[in-house]
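Below: one structure, written as structure tokens.
Residue numbers (this note's numbering): -17 to 79.
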């Protein structure tokens, strides 16, 4: 039974178990690093880079958006992406300790 005090972000998050390990890693990279589009077809630079295909897949799921600013096109987590990542982190911490 679901509690009535859950926020809408928590209700609209994607279950991290439905994501591939590459998608989960990409979300962590987007959260931890500033990833900008480059001419090579990637977001970011090695070793923290994501293909445009991966980025567009995460955008289609509603987890990531492109922020257009002076520095270039940067990948950012959406509210749904932040909620999903929070669940990933909580589950990791529960397993570890």
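Cβ coordinates follow ideal geometry from the N, Cα and C atoms, glycine included. These numbers were taken from a predicted model, which means no experiment stands behind them.
Taking buried to mean at least 16 other C-beta atoms within 10 Å of its own C-beta, is residue i buried or exposed?
i, result
"residue 0", "exposed"
"residue 8", "buried"
"residue 67", "buried"
Sorted by chain position, which residues of the same chain lie with C-beta nearer than 7 Å to residue i's C-beta, five sequence neighbours on each side aside?
i, result
"residue 69", "-5, -2"
"residue -11", "Any reading at residue -11 needs caution, since the residue's pLDDT is 43, under 50, leaving its predicted position unreliable; the model's value is listed next. Once the five neighbours on either side are set aside, residue -11 has no close Cβ partner at all."
"residue 37", "25, 46, 57"
"residue 53", "18"
Whole angstroms are fine: how far does the CA of residue j sit from the CA of residue i?
i, j, result
"residue 31", "residue 75", "25 Å"
"residue 59", "residue 72", "17 Å"
"residue 64", "residue 10", "10 Å"
"residue 27", "residue 49", "18 Å"
"residue 16", "residue 56", "7 Å"
"residue 29", "residue 43", "24 Å"
"residue 21", "residue 3", "26 Å"
"residue 13", "residue 41", "14 Å"
Helix, strand or coil: how does DSSP classify residue i here?
i, result
"residue 49", "strand"
"residue 58", "strand"
"residue 30", "strand"
"residue 21", "coil"
"residue -3", "coil"
Whose C-beta lies closer than 8 Å to the C-beta of residue i among residues of the same chain, with five residues either side of it excluded?
i, result
"residue 34", "19, 23, 24, 25"
"residue 78", "none"
"residue 39", "5"
"residue 51", "none"
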